[in-house]
Each structure stands twice: as C-alpha cells, then as structure tokens.
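Working notes, structure below.
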Amino acid sequence: MNAPPNPPPGLALEALAFDNRYARLPAAFHSRLSPSSLPAPHVVAASDDAAALIGLDARELARPAFVDVFAGNTLLRGSDPLAAVYGGHQFGSWSGRLGDGRAHLLGGVRTPSGTLELQLKGAGPTPYARFADGRAVLRSSIREFLCSEAMAALGIPTTRALCVIGSSLPVQRETMETAAVVTRIAPSFVRFGSFEYFADKDDVASLRTLADHVIDGFLPHLHDAPKPFEALLADVARRTGETIAHWQAIGFMHGVMNTDNMSILGLTLDYGPFGFMETFDAGHICNHSDTYGRYAFRAQPRIGLWNLYALADALGPLIGHPDITRALVDDHFTPTFDAHFAQRMRARLGLATPLPGDADFIGATLGLLQLERIDYTLFFRALSSLPRAVLRESRALIDAPLRDLFADREACDAWLLGWRARLAREGSRDAVRQPAMRAVNPRYVLRNWMAESAIRRARDGDFGEVRGLLDCLRRPFDDQPDRAHYAAPPPDWAGAMSVSCSS
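For the working numbering, add 351 to where a residue sits in the sequence shown, where the first one is 1.
Written out as structure tokens, the structure is:
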C-alpha cells in the first residue's frame, strides 16, 4: 500500500467519498455503533504519505476538524461506523468469538486505485470488548503508527497508519497510562479468523458471502477461475508466503501470529509485540508473553503454514475435503516462500544471478551471524559498500566496517573470501551491485529502543522524536547523516527491554 508517485491535488476531509461495502454485509458480520468520544484530543503525529493514499490534502492534518474526526468525536458524512466480528486461534488454541473489541471501521474511502477502509483503533468498547475498556494507550499507538509506516517504506505489505491522536484520559494497564487512537488504512481488515468464526458456527451461507465479498472487492480476476474459492485460498497462501519471506529476509518479528492477526490480503496486520532483529538469533522471541516461543523468529514460516491450514479447514465447506484444501496451501505457500526468501537474500548479498550452491551460502551466512552474534541490519548495510576485489595488503582497512562487527575477524575474512569468489562467478560489477544492495539493505529499521525513546518523550508532551522518527523511517535506505545515531547499536539502557502483547 504505497502512495501514487504524483498524487492529484488533495481533498478536504469533507470531500472524502465513502463506499461502505463491509457495512452492506448482513448483520451477522458486524455491530453498528459509533466511537466513544475522547476528551481534549490532540495530534501526536500524522503521516502525509498515508494521507495521500486516500487523496487527503496534507494541510488537512492541521485542522481542528481532523483531530475531532480521528479521535472518534465527529463522524464524516458518508461514514457508517461498525465493529466487525471474527474468531481466531490464539497461541494455537481456538478462542471462539473475538471481533473488534476496540476498533471501529468508519467505512471505505474511494480512491483512484480502489477503496481503502479507515479504522480507528482504541476508540472505545464494542460488543466484542469482553469487559475491556476498548481503549489503546499512547505507547502502543505510537509503536503501531511508526511501524506501519516503516514497513511500507521497506516495501513490505502492510496496513498503513494515518495518525495518532492522544488525550489525557487515564487508562489502566500494567501502570496508569494515557489513551490514544491510531487510524489504520487498508483495502480490507478481513482476517483468517473472519472465516473461522463462521465455519465454527457451521454457517456456510455466511462463509460464502464473505468469500464473495473478498473476491468481488479485491480479487475480481478470480471470478474467471474454474473454482473461485480454491483460487482464493491459493491466492491467500501465495500472498502470505511472499509477505513472511520478506519478514524473514529483513529481520522482522511479528510476535503474535494468531489467526485473527492474519490478513486475508497478505498484509502485515496488528502491530503489538513486534521487533526488528538486532543481534542475530534465529530463535529470538520478541514477545515476553510468548512463554514457549511459538512465535519465535525462525518459527514464523511454520506458523504461517499452520495458520493457513486453519483457514483451509474453515473454507472446507466451500471447497471440499481437508486433503484438497491443505494440498492447495502446500502447493502455493511453501514454493512461494522459498522462492521469495531466496530472491530477497540473494539481493541483500548482492547476488544478481541465481547459481547452484546459493541456498547453502545463504544458510552458512546466517549461521555465521548466529555464531558471532552480529547485528543483522548493520551487517548487510556495511556489506553493501565493500568492493568485489581488494588487494591483500589493504584488505583489513577496506573491510573494517564489516570486520569490526566481529569478535572473530578471521571468521569474517574467511566468509568475505567466499563472498567475493561468489561475486566473481557472476562477473559482478561494483558500480551496479553496490547501489542495488543499498536499495534493499536499510540503514534504518524501527529498533525497539528508538520507539521507546520517542514514547518517553511523548509521555512528557514532546512529540518531536515521534515525528522525527517517522521522517527518518520513511527513507530507510538513505544515509541521513544527521540521524546516524539511529543506525547505531542499541544504547546500554535498552539491553533489558521487553515487549508484551499489551504493548
């Protein structure tokens, strides 16, 4: 979900044209209700790039009306707010009915590239809140806002975030915090769990209605398939495989891959205890609520497959025997994941032409990073500037940006000999390869300590770092010398940081 390169002149808030397809689904799919008002709201941060997705003029972000609309205090003409129902498997166990406990879908806004839905997260309780307060806190809202926009800038399929609206309203979590609302944008917020909910109720008519809704609105080309529902499952498996491959290649950890957090369109959805890999550890668990490591980094492809099997089982009444549905998943997820992961890792390593032995080289590289405990982002960024050929006597100096990341510099030297030999096999040219590597190896990712630093200042009413981080992360591949500290290893105070599902 990226903004058009040359967006048309922006619209005023009042000119946004709504087309509320989800609200036209039967009552079994949602509960209609308005957001709860938020006292004394203020803008914490807003994304011009996300505003451009819906054609909204950037100047509108400074209007008082903007604050009121996206705090949930005022409804735009044409919106039809609701909370959607869905179910889900949470940490592998069926949880029954879940639904938007603290989210309100305002409606879909027509754009030249299709309808985009606007959703307020943290705008008060809904019938699915399960006795909770329906609010989000400033901390989690800032994290979701920044990560949504950072992921988009990295080219990873994701929901987007228009703004964070804050308030002094107290909210009790582990400690007393303040409320905030984040506005999310996506073509659709339908989840794997949306299908699971109706399958669990043996409501085949609603399953069919939901599948038709997804195909009609977002995948109309599937109507031409001999078996559209099989084609839908295959499409979801491919999209999911591609997205998770991108996660693994860039070092992103979702943290809570429940089936209710899986998008039917393959978008990264629901940012909670996420993290970007720092010191490489394939077994890293970024969510301290994940006691058994179900959602550890290396487990993400396997859990993606597990979740797709759950979706396949839910779609069984529309497709056929589980052997058929699960075979569809097997045929489309794993080959897509493997191909895209290999492609992205070759690009990160500067390998333009696939050659035999590449899979082993990629595996050996990750094994070395694991053994030497190397910062994942710093490694690939430093590698991007090294030459293919270097004289023996000047090697230590030229390779220093990479070698200095290693405790065992001889291990680095040995790996670099193999890397350069591999580049030589395809006749790699530095003038072509180095810019290509810098275009896929970010200098900046949203490390947890960066978000925490911005959150601490925001709690004191200073939103400058949130906005500065947004500007930095929307250009993750640029050097940005004035922000070099964001490309450094974590400061000492960040060593004991942990993130939970409440984050």
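No residue lacks a Cβ here, since even glycine has one placed at the ideal position from N, Cα and C.
Which residues mark the beginning and the end of the beta strand (DSSP E) in which residue i is found?
| i | result |
| --- | --- |
| Val532 | 527-537 |
| Thr466 | 465-472 |
| Ala504 | From DSSP, Ala504 is part of no beta strand (DSSP E) but of the alpha helix (DSSP H) over 489-504. |
| Leu457 | 454-462 |
| Ser444 | 444-448 |
| Gln785 | From DSSP, Gln785 is part of no beta strand (DSSP E) but of the alpha helix (DSSP H) over 781-789. |
| Gln441 | 438-441 |
With DSSP as the reference, label residue i as helix, strand or coil.
| i | result |
| --- | --- |
| Val395 | strand |
| Leu513 | strand |
| Asn609 | coil |
| Gly544 | helix |
| His381 | strand |
| Met604 | strand |
| Thr728 | helix |
| Asp523 | In the sequence on display, residue 523 carries Gln and not Asp. Reduced to three states, the DSSP call for Gln523 is strand. |
| Thr425 | coil |
| His639 | coil |
| Leu362 | strand |
| Ser804 | helix |
| Ser854 | Note that Ser854 scores a pLDDT of 45, beneath 50, so its modelled location is shaky and nothing firm can be said. |
| Ser518 | strand |
| Gln599 | helix |
| Arg486 | strand |
| Gly592 | helix |
| Ser614 | strand |
| Phe580 | helix |
| Phe631 | coil |
What's the call for residue i, buried or exposed, on a 16-neighbour Cβ count within 10 Å?
| i | result |
| --- | --- |
| Gln470 | buried |
| Pro508 | buried |
| Pro360 | exposed |
| Ala366 | exposed |
| Asp811 | exposed |
| Ser854 | Legend: pLDDT at Ser854 = 45, less than 50; position of this residue unreliable, no value from coordinates given. |
| Gly517 | buried |
| Trp445 | exposed |
| Thr642 | exposed |
| Leu768 | exposed |
| Phe482 | exposed |
| Leu722 | exposed |
| Gly443 | exposed |
| Thr526 | exposed |
| Ser779 | buried |
Along the alpha helix (DSSP H) that carries residue i, what are the first and last residues, could you check?
| i | result |
| --- | --- |
| His691 | 673-700 |
| Ala661 | 651-665 |
| Leu768 | 760-776 |
| Ala422 | 415-422 |
| His564 | 555-569 |
| Gly406 | Gly406 -> no alpha helix (DSSP H), and no H or E assigned at all. |
| Leu433 | That residue, Leu433, is in no alpha helix (DSSP H); its beta strand (DSSP E) goes 433-435. |
| Ala710 | 709-723 |
| Glu816 | 815-824 |
| Ala751 | 751-754 |
Within the same chain, show all residues whose beta-carbon is closer than 7 angstroms to that of residue i, passing over the 5 residues directly before and after it, in chain order.
| i | result |
| --- | --- |
| Leu824 | Leu497, Glu500, Ala501, Ala504, Tyr795, Leu797 |
| Cys763 | Leu753, Arg754, Phe757 |
| Phe828 | Arg789, Ala790, Pro793, Arg794 |
| Ser322 | Not covered by the structure: residue 322. The range shown for the chain is 352 to 854. |
So that I know if they touch, is there some Cβ in chain B lying closer than 9 angstroms to that of residue i?
| i | result |
| --- | --- |
| Glu495 | As a matter of chain content, chain B is missing from the structure shown, which is built from one protein chain. |
Can you give me the Cβ contacts of residue i inside the same chain, cut-off strictly under 8 angstroms, excluding the 5 residues immediately before and after it?
| i | result |
| --- | --- |
| Asp833 | none |
| Ala661 | His440, Phe543, Glu547, Thr610 |
| Leu489 | Val395, Val515, Gly517, Glu528, Thr529, Ala530, Ala531, Ile806, Ala809, Arg810 |
| Ser387 | Gly423, Ala474, Gly475, Pro476, Gly485 |
| Phe625 | Arg494, Cys498, Phe603, Met604, His605, Gly606, Cys637, Val850 |
| His564 | Arg372, Tyr373, Leu376, Val541 |
So, under 8 angstroms CB-CB, residue i and residue j are touching, yes? Tell me the CB distance rounded to an integer number of Å.
| i | j | result |
| --- | --- | --- |
| Pro652 | Leu520 | The Cβ separation is near 40 angstroms, so there is no contact. |
| Glu629 | Asp726 | 6 angstroms |
| Gly406 | Leu457 | Rounded, the Cβ-Cβ distance is 15 angstroms, inconsistent with contact. |
| Tyr905 | Met696 | Nothing can be reported for residue 905, as the shown portion of the chain is limited to 352 through 854. |
| Ser539 | Phe569 | 6 angstroms |
| Lys578 | Arg535 | Wrong, their Cβ atoms sit about 33 angstroms apart, outside the cutoff. |
| Ile595 | Gly655 | 5 angstroms |
| Leu426 | Ser385 | 7 angstroms |
| Ser398 | Leu820 | Actually they are not in contact, since the Cβ atoms of Ser398 and Leu820 sit about 12 angstroms apart, beyond 8 angstroms. |
| Leu584 | Ile670 | 7 angstroms |
| Pro707 | Val555 | The pair is not a contact, with the Cβ atoms about 48 angstroms apart (cut-off 8 angstroms). |
If I measure Cβ to Cβ from residue i and keep anything under 6 angstroms in the same chain, skipping five residues before and after, which residues do I get?
| i | result |
| --- | --- |
| Phe417 | Glu411 |
| Trp766 | Leu719 |
| Ser430 | Phe369, Leu457, Gly458 |
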